[in-house]
Amino acid sequence: MQSFRSEIENPIIEKDIIELEAKIRQFKEGNLDEEKFRSLRLARGVYGQRQPGVQMIRIKLPYGKVSSKQLRRICDVSDEYSTGRLHITTRQDIQIHYVDLDRTPELWAQLEKDDVTLREACGNTVRNVTASETAGIDVDEPFDVSPYAHALFEYFLRNPISQEMGRKFKVSFSASDEDTGLSYMHDIGFIAKIENGVKGFKVMLGGGLGSQPRHADEFFGFLPSDKIIPLMEGVVRVFDRYGERKSRSKARLKYLLKDIGLDGFKKLLQEEQKAVPFESYPIDTQAYIQSEIADVEVPKVEIADQKAFNQWKLTNLVQQKQDGYVAIGVKVLLGDFYTDKARLLANLVEKYAAGEIRLSLRQNILIPFVKEKLVPFFYVELEKLGLVEAGYNKALDITACPGTDTCNLGIASSTGIAQELERVIKTEYPQYINNPDVIIKISGCMNACGQHNMANIGFQGMSIRTKDKLVAPALQVLLGGGNLGNGNGKFADKVIKVPSKRGPEALRIILNDFDANGNGVAYPEYYTEKGELYFYDLLKPLGTLDNLSNDDLIDWGAEKRYRKAIGVGECAGVVIDLVATLLFESDEKIQNAATSYEGGKWAASIYHSYLSMVNTAKALLISEKAKTNTHAGIIKDFDEIFVSSNKIELKKGFEELVLQLNKKEPTKEFALNYMEDAKDFLNTIEEYRKLDLVNA
5 MQSFRSEIEN PIIEKDIIEL EAKIRQFKEG NLDEEKFRSL RLARGVYGQR
55 QPGVQMIRIK LPYGKVSSKQ LRRICDVSDE YSTGRLHITT RQDIQIHYVD
105 LDRTPELWAQ LEKDDVTLRE ACGNTVRNVT ASETAGIDVD EPFDVSPYAH
155 ALFEYFLRNP ISQEMGRKFK VSFSASDEDT GLSYMHDIGF IAKIENGVKG
205 FKVMLGGGLG SQPRHADEFF GFLPSDKIIP LMEGVVRVFD RYGERKSRSK
255 ARLKYLLKDI GLDGFKKLLQ EEQKAVPFES YPIDTQAYIQ SEIADVEVPK
305 VEIADQKAFN QWKLTNLVQQ KQDGYVAIGV KVLLGDFYTD KARLLANLVE
355 KYAAGEIRLS LRQNILIPFV KEKLVPFFYV ELEKLGLVEA GYNKALDITA
405 CPGTDTCNLG IASSTGIAQE LERVIKTEYP QYINNPDVII KISGCMNACG
455 QHNMANIGFQ GMSIRTKDKL VAPALQVLLG GGNLGNGNGK FADKVIKVPS
505 KRGPEALRII LNDFDANGNG VAYPEYYTEK GELYFYDLLK PLGTLDNLSN
555 DDLIDWGAEK RYRKAIGVGE CAGVVIDLVA TLLFESDEKI QNAATSYEGG
605 KWAASIYHSY LSMVNTAKAL LISEKAKTNT HAGIIKDFDE IFVSSNKIEL
655 KKGFEELVLQ LNKKEPTKEF ALNYMEDAKD FLNTIEEYRK LDLVNA
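According to the working numbering, the sequence shown is numbered sequentially starting from 5.
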């Protein structure tokens with residue numbers, strides 16, 4: 005497992021990968037708590053799969069941009085360590101499945117040869133920064149948001165303030181007011197604007213999907229571009245301290261906003277301003293590396309099926325703001341494609357376009373900077389790869405998560421029903437291949453990885469039980485959601501629950517009704533006009549459970565009778581002293597503070613010291629069976645339980661000690677003093693614990 009070390013040039017990345025290797029070994033030897041190991045590997049893109057003994061690896065690809073060289077590297081890794089299948093997610097990542105845990109450090113090292121990372125692709129971190137796939141070419145964009153998305157990705161990668169939050173944190177950039185980055189459903193969403201000649205963004209805060217979707221609040225109508233990184237740092241700091249940590253179902257930023265309100269959040273944000281190391285963080289857009297566009301002769305080709313070619317051009321070409329160029333949309337069924345075709349695609353765009361692709365939020369591929377005169381040639385070449393299916397970003401283009409295929413949390417099949425619904429549309433409703441006004445999305449559970457609750461027509465996997473105690477796979481039908489633009493959106497209503505095998509008939513009823521009565525309006529508008537009760541009555545006959553057949557008890561793509569089960573798939577660790585583990589980690593955090601200090605990164609050093617002190621306090625509170633739901637709660641409760649009661653003597657109150665970080669500027673002197681405070685506090689607690697164990 006150590007052969008990769010000599011191949012890694014960046015010492016920071018090398019340390020990261022070596023640490024993963026060491027933690028895997030400690031976990032397997034029973035010297036690392038399972039929960040702590042899970043947190044560490046998730047922050048490094050290693051995710052337990054539904055199938056025992058193997059992992060899903062999520063590859064982090066900021067704003068979906070992938071160079072030809074990177075795509076070939078990903079293909080090599082997938083062939084060597086996985087099955088050769090690449091899965092595009094709704095967050096512009098690529099996932100590969102069935103990877104041996106022991107081989108993940110080596111896999112990561114191979115990816116890093118071409119600047120591809122796993123770091124913070126999963127876990128309670130700032131996840132992949134997403135953006136409109138048309139960024140840089142969008143005819144309506146005021147400017148290219150790609151350099152800003154890239155700068156934000158780099159700033160928060162390995163940033164100590166966002167490594168161990170209560171839950172994940174999602175960010176998006178939209179190229180224009182069309183809001184194709186879906187800002188209204190993100191923790192922070194940025195929409196490109198120009199005011200008085202200044203580039204900036206409309207900022208949306210506190211959105212999210214899941215079982216309780218929340219529409220983001222407008223935080224700023226306009227924020228200059230040099231303020232977006234300082235703003236987000238402050239937001240993350242507030243979320244890290246006050247966000248829920250114990251109950252995962254309440255641990256997203258949207259719940260904190262719901263609890264304290266926008267004004268309350270702004271007050272907490274203001275309290276963090278001294279700790280944020282930059283008031284202004286200008287982004288050098290000139291330093292952003294632009295792709296080189298190939299200059300080649302146009303090969304002569306013959307189109308065998310002109311009708312199919314014309315249909316494809318109608319739905320799969322995207323106009324660019326650059327004269328003489330178009331982007332080609334490649335519809336990827338359920339986001340799955342394979343390395344043999346991916347390599348050929350990488351070579352094609354390198355030789356005849358700009359050597360890059362963009363992965364889309366709808367699990368597709370966009371090829372930018374194709375010369376208009378090369379379109380027939382690209383069609384012929386893509387046809388050889390089986391990548392010319394018409395209907396890019398149209399009704400036929402259904403989004404779905406992996407569901408019960410590989411996901412631990414899947415309740416019912418999402419890929420199976422998605423394939424059947426695409427078949428129904430293609431064969432029975434061919435006119436919808438050209439329809440951009442009906443968007444269909446499917447999730448295998450309430451967590452909404454398939455974004456079903458923001459779709460015009462959404463389906464959520466679940467289960468139903470009959471009076472005879474038979475259990476069948478089911479679909480919650482949701483209707484009326486949609487993106488309204490400029491930070492505004494509507495979440496779909498839950499209309500009715502039907503057995504999964506009746507999903508196609510539900511879609512037929514919905515589309516037949518829309519065809520008969522829609523009168524040319526977009527589906528969300530039509531749904532609003534008719535109302536939820538109208539559609540409930542329309543679909544009610546499908547919801548009855550009195551006449552279930554044997555087929556209804558079998559999920560899509562399965563042969564055996566359905567059984568509701570959440571996959572286990574995660575290795576069990578040996579139970580060890582969690583308090584001792586936390587104190588050991590506190591010492592590691594102080595070492596990280598020292599490393600950052602020696603590197604001149606005062607703000608990072610201070611935050612590592614802060615995390616050490618809170619972690620140390622948490623360890624002792626756990627030993628007292630006290631709540632540790634939030635950092636703010638830990639700080640307050642430690643004072644009450646240990647300091648005020650004189651069980652532990654400190655020079656000052658714990659709150660006063662630990663919250664120095666938002667009272668003082670992040671200077672070299674303060675970083676050093678604060679690190680010493682963290683060391684002293686850890687020593688005090690370790691001595692207390694030794695005495696406590698002796699007297700127990």
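Where is the CB? At the ideal position from N, CA and C, for every residue including glycine.
With distances taken between CA atoms, Pro-217 lies nearest to Gly-485 out of Ile-361, Leu-44, Leu-624 and Gly-485. Under the criterion of beta carbons closer than 8 Å, Val-481 and Phe-463 qualify as touching, at roughly 6 Å. Counting C-beta pairs closer than 8 Å gives fewer than three between the segment 604-623 and the segment 173-183, which falls short of the contact rule.
Apart from the 5 residues on each side of it in sequence, Lys-203 sits with its Cβ closer than 6 Å to the Cβ of Phe-147 and Ser-229 in its chain, given in chain order. Rounded to the nearest angstrom, the gap between the Cα atoms of Ser-82 and Arg-107 is 12 Å. Within the segment 84-149, the runs of alpha helix (DSSP H) at least 4 residues long that lie entirely inside it are, in chain order, 108-116. Inclusion of Asp-221 and Met-236 in the CB contact set at 8 Å is not warranted, their separation being larger than that value.
Beta bridge pairing from DSSP links Gln-464 with Ser-447 and Gln-480.
Judged by beta-carbon spacing, Thr-410 lies within the 8 Å limit of His-101, meaning their Cβ atoms are closer than that value. Non-local C-beta neighbours of Pro-508 in its own chain, meaning closer than 7 Å and more than five positions away in sequence, comprise Glu-424, Leu-425 and Val-428, ordered along the chain. In the three-state reduction of the DSSP assignment, Gln-59 falls in the strand class, which pools E and B. For Gly-210, the CB contacts under 6 Å within the same chain, skipping 5 residues up- and downstream, are Ala-220, Asp-221, Leu-257, Lys-258 and Leu-261 in chain order. Three or more beta-carbon pairs separated by less than 8 Å are not found between the segment 318-337 and the segment 69-80, which leaves the two stretches without contact. In this structure, DSSP gives Glu-25 a helical state, which the three-state scheme calls helix. Going by beta carbons, Phe-642 and Leu-625 fall inside the 8 Å limit.
A Cβ-Cβ separation of about 11 Å leaves Lys-668 out of contact with Trp-606 under the 8 Å criterion. By the neighbour-count criterion, in which 16 or more other beta carbons inside 10 Å mark a residue as buried, Ser-71 falls on the buried side.
Under the three-pair Cβ rule at 8 Å, the segment 348-363 counts as touching the segment 289-299. The alpha-carbon separation between Leu-654 and Glu-23 amounts to approximately 34 Å. If one requires a minimum length of 4 residues, the alpha helix (DSSP H) runs lying completely within the segment 496-533 are 507-521, in chain order. With fewer than three CB-CB distances shorter than 8 Å, the segment 497-515 does not count as touching the segment 590-609. Under the three-state reduction of DSSP output, Ile-402 falls in the coil class, being neither helix nor strand. Taken through DSSP and simplified to helix, strand or coil, Met-458 comes out as helix. In the structure shown, the three-state DSSP call for Gln-323 is strand. Per the Cβ contact rule, the segment 42-61 is not in contact with the segment 304-320 (fewer than 3 Cβ pairs under 8 Å). Spanning the alpha carbons of Lys-317 and Thr-431 requires a straight line of approximately 20 Å. With contacts defined as CB atoms closer than 8 Å, Ser-284 and Lys-231 qualify as a contacting pair.
Per the C-alpha coordinates, the member of Gly-34, Lys-64, Met-189 and Glu-33 positioned closest to Leu-46 is Lys-64. Of the candidates Glu-124, Arg-366 and Thr-419, Arg-366 places its Cα closest to the Cα of Gln-455.
In the three-state scheme derived from DSSP, where H, G and I count as helix and E and B as strand, Tyr-292 is classed as coil. In this chain, the beta strand (DSSP E) harbouring Ile-198 covers 192-199.
By the neighbour-count definition (other C-beta atoms within 10 Å, threshold 16), Asn-439 is a buried residue.
Between the beta-carbon of Asn-132 and that of Arg-95 there is about 5 Å, and that keeps the pair under the 8 Å contact cut.
Around the Cβ of Ala-26, a 10 Å sphere holds fewer than 16 other Cβ atoms; the residue is exposed. Sorting Gly-225, Ile-28 and Pro-670 by C-alpha distance to the C-alpha of Ala-196 places Gly-225 at the top. The residue from Ser-136, Phe-658 and Tyr-342 with its alpha-carbon nearest to that of Ala-153 is Ser-136.
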